[in-house]
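Here's the structure we're looking at; comments come further down.
In mature numbering (1 follows the signal peptide of the UniProt record, and there is no 0), the protein residues as written are -25 to -1, 1 to 141.
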């Protein structure tokens, strides 16, 4: 099986699992968001609120920095509202953190001409601005990563994004 077929299969399984796991969240209005993230990596972002303070997020994205790669990540997030007190007059600005994982299908990693699959653990930290009158949210996130396959090393993902909640 070539890497493109493997990637398509894994992406299909990934998003099917995300859809099935968020059936409860979709019963409430504006709990599932889909959007774009720009940074390292850049791609599609999905978020489903599982309670008032917790959410599941996932991404399918592309890296074009040090090496060409397709990234899949999934995280469980905890949100803290009111961290900024009354300074936010409209909307909400929760701070969040979480734990998750990522898989990367990389070309030219670690050396030019190489192809590798990387598997790592993520610890995302960020802020999420949720508009008051529209089902739109903006986020800024940094995620330190410890890759465990094919070798143990440290990496960082960072993105700025927007999601539409339906």
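Think of the CB as a built atom: it goes at the ideal place given N, C-alpha and C, for glycine as much as any other residue.
Environment of residue 65 [buried if 16+ CB atoms lie within 10 Å] | exposed
So, are the CB atoms of residue 71 and residue 111 less than 9 Å apart?
-> no
Uninterrupted beta strand (DSSP E) stretches inside the region 61 to 87 (no shorter than 3 residues) = 70 to 82
With a threshold of 16 other CB atoms inside 10 Å of the CB of residue 103, please say whether the residue is buried or exposed.
-> buried
Could you tell me if residue 124 is buried or exposed, where buried requires 16 or more neighbouring beta carbons within 10 angstroms of its beta carbon?
-> exposed
So which of 116, 43 and 13 has the shortest CA-CA distance to residue 89?
-> 43
Answer with buried or exposed for residue 24, where buried requires no fewer than 16 other C-beta atoms within 10 angstroms of its C-beta.
-> buried
Count the other C-beta atoms from every protein chain shown that fall within 10 angstroms of the C-beta of residue 7, then say buried if there are 16 or more, exposed otherwise.
-> buried
Among 31, 30, 32 and 48, the one whose alpha carbon lies nearest that of residue 38 | 48
Which whole-angstrom value is the C-beta distance of residue 77 and residue 101, which I expect to be below 8 Å?
-> Contact doesn't hold; Cβ gap of about 15 Å is too wide.
Limits of the unbroken beta strand (DSSP E) element including residue 57 | Element bounds for residue 57: n/a, residue is neither H nor E.
Proximity to residue 63 [Cα-Cα], best of 28, 45 and 107 | 107
Please confirm if residue 117 has its CB atom under 9 Å from at least one CB of chain B.
-> Absence of chain B from the displayed structure is noted, only one protein chain being present.
Using alpha carbons as the reference points, say which of 130, 35, 61 and 119 lies closest to residue 74.
-> 119
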